[in-house]
Amino acid sequence: RAGRSRICRRAIAADLIRAGIEVHVFNQRGVGEILESIAMLGRMIGAHARAQALIGRLRRSIDNARRAASRLPCRPRVYFEEWDDPLICGIRWVGELVEIAGAENCFADLAARPAAKERIIADPQEVVRRAPDVLIASWCGKKFNPARVRERPGVGIDSGAPPRSIIRD
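Residues in the sequence shown are numbered from 1 upward in steps of one, following full-length UniProt numbering.
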């Protein structure tokens, strides 16, 4: 999945370049890099001031979310699932947003890795071992199926595991 989309993006960029069209590629992995991309786009299209204003609003929203989160009575453990076969946890910017919102990213160690193939959870029981309170799933490119998650060993109602929240995109 991830390899195919990367190859497709490369082919599209190569075709555009061969056609004489200027191509700029962004590959941001963290919230800070996303804000830097907004600034660069603003400069590229002559909208620097508007881009800076947007970045300011986004930074204030992030700061407000952090302040609100600091007052929460607990920090739920969150597992963000980007893909289900194989299991792939969310990328770094997703984990950063989870933490900004006051939760703990169960897979922060894997989320720091840039490529999806580096964020594969080889053993589905690892999700159970890390004991998330909340599972957020946004399967990139296909419809989320909560039944598939509930059928996993250790996640279902018969597993004896505590109830977990499942949130879809």
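Glycine included, every Cβ here is placed at the ideal spot set by N, Cα and C.
Spatial neighbours of D85 within its chain, please: C-beta separation below 8 Å, excluding the five flanking residues on both sides. Here the set comprises nothing.
Under 9 Å between the Cβ atoms of residue 248 and W139? Given that the chain is displayed from residue 1 to residue 169, the structure contains no residue 248 and the question cannot be resolved.
Span separating the alpha-carbon of D158 from that of A115: Bear in mind that a pLDDT of 43 at D158, under 50, signals an unreliable position, so the number given afterwards is only what the model happens to contain. Each residue's CA atom was taken as its position, placing D158 and A115 some 35 Å apart.
Please state if the CB of I136 and the CB of Y79 are separated by a distance shorter than 9 Å. Contact: yes.
Which same chain residues, not among the five before or five after P76, have their C-beta less than 6 Å away from its C-beta? In chain order, A103, D133 and V134 place their CB closer than 6 Å to the CB of P76, counting only its own chain and leaving out the 5 sequence neighbours on each side.
Pick from A111, P124, R60 and H48 that is closest to V149, judged by C-alpha positions: Looking at A111, P124, R60 and H48, the one whose alpha-carbon comes closest to that of V149 is P124.
What does the Cβ neighbour count give for G90, buried or exposed, with the cut at 16 atoms within 10 Å? Buried is the label assigned to G90, since at least 16 other Cβ atoms lie within 10 Å of its Cβ.
Drop a sphere of 10 angstroms on the beta-carbon of N27, count the other beta-carbons inside from all chains shown, and report buried for 16 or more, exposed for fewer. By the neighbour-count rule (16 or more Cβ atoms within 10 Å), N27 is not buried but exposed.
Does DSSP put C106 in a helix, in a strand, or in coil? Note: C106 maps to coil in three-state DSSP.
Beta-ladder partner(s) of F80, from DSSP: Residue pairing by DSSP places F80 opposite I136 in a beta bridge.
Return helix, strand or coil for I34, following the three-state DSSP convention. Here DSSP, grouped into helix, strand and coil, assigns I34 to helix.
Counting only the same chain and skipping the five closest in sequence on each side, list residues whose C-beta sits under 7 Å from that of R92. Here the set comprises R29, G30, A111 and A112.
In angstroms with no decimal places, state the Cα-to-Cα distance between D63 and R71. For D63 and R71, the distance between alpha carbons rounds to 13 Å.
Going by C-alpha distance, which of N105, R43, G46 and K142 is nearest A131? When C-alpha distances from A131 are compared across N105, R43, G46 and K142, the shortest belongs to N105.
Within its chain, find whatever has a CB closer than 6 Å to the CB of E36; leave out the 5 residues flanking it on each side and keep chain order. Result list for E36: empty, nothing under 6 Å.
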